[in-house]
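Student: Please find one structure pasted underneath; my questions will follow.
In my numbering, the protein residues as written are 25 to 298.
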């Protein structure tokens, strides 16, 4: 057991170094791997001490530690199952609006996660040209421009019409992405109804039948590990019938993203965001 824990600690340190070197910066939540490494080292030392001095260690202590670790592994496994179950979705063709969630914009351009999302959005528009994109993301302290405007520039460069995009530039979290995007969609719907009302041909009462507006279909496009949380937040914040679309995440950082997403899901569930 001791050598397994030492190997796990070494693996966590190595992966932390890989994240920093590969990303070119200390990506958010990367410190957790050093925390894991320290925890594995403490467990290894504790286990070694326990095996040598069983008579000095009360039984409740190792039982509590093992129970805590097993519970953590079980919770993590259940959350990860939910995360990747969320990648599978219903028929997402011909959506009225597709919310594209932002990701970090670097000084030298888009992050890999954001570029992957936008490439997926372009692919989706090629098959569903009537869908309006809602580009969601504000400007962080270390970002040169808002995520939404960087997304727009990339899409325009790749042939997407500006008239087919709505920019939402106030959000700094997934909850705000969804909430402000919903407001942007409602405002766009109101403008469209006003235009239709001005262009309606006057007809005598009784010569036509009013047909109620069909429900608008809204989707959310984000990285595969993020789809489940985005859908759950959307359902809580006013978009009950949301369609999830996933883009591929960076394979090198996928394990890190999954761990970070697990923590984010537990936090959002705890504070009532989902």
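Even glycine gets a Cβ: it sits at the ideal position worked out from N, Cα and C.
Just so we're clear, the structure is a prediction, and the values are computed from it rather than from any experiment.
For residue 198, count the other beta carbons within 10 Å of its own beta carbon; 16 or more makes it buried, fewer makes it exposed. Which is it?
Tutor: Classification of residue 198: buried, given that the 10 Å Cβ count is 16 or more.
Student: Starting from the Cα of residue 185, find the closest Cα among 291, 154, 220 and give me that residue.
Tutor: Closest by alpha carbon: 154.
Student: Once you ignore the five residues that flank residue 262 on each side, which residues in its own chain have a CB closer than 7 Å to its CB?
Tutor: So the qualifying residues of the chain are 206.
Student: Using 10 angstroms around the beta-carbon of residue 144, count the other beta-carbons present and answer buried if the total reaches 16, otherwise exposed.
Tutor: It counts as buried.
Student: Can you check DSSP and say which residues form a bridge with residue 268?
Tutor: Its beta-bridge partners are 244.
Student: Give the C-beta separation of residue 141 and residue 125 to the nearest angstrom, bearing in mind that I take them to be a contact with Cβ-Cβ under 8 Å.
Tutor: So it is a contact: roughly 7 Å between Cβ atoms.
Student: Quick one: Cα of residue 255 to Cα of residue 75, how far?
Tutor: Computed Cα separation, rounded: 47 Å.
Student: The beta strand (DSSP E) that contains residue 192, what's its start and end?
Tutor: Here the beta strand (DSSP E) through residue 192 covers 189-192.
Student: Indicate whether residue 123 and residue 245 have their beta-carbon atoms separated by less than 8 Å.
Tutor: Going by C-beta atoms, residue 123 is nearer than 8 Å to residue 245.
Student: Where does residue 208 land, buried or exposed, given buried means 16+ other C-beta within 10 angstroms?
Tutor: Per the 10 Å Cβ criterion, buried.
Student: If you pair each beta-carbon of the stretch 76-91 with each one of the stretch 29-45, do three or more pairs fall below 8 Å?
Tutor: At 8 Å Cβ cutoff, the stretches do not touch.
Student: Per DSSP, what kind of secondary structure is residue 263 in: helix, strand or coil?
Tutor: DSSP places residue 263 in coil when its eight states are reduced to three.
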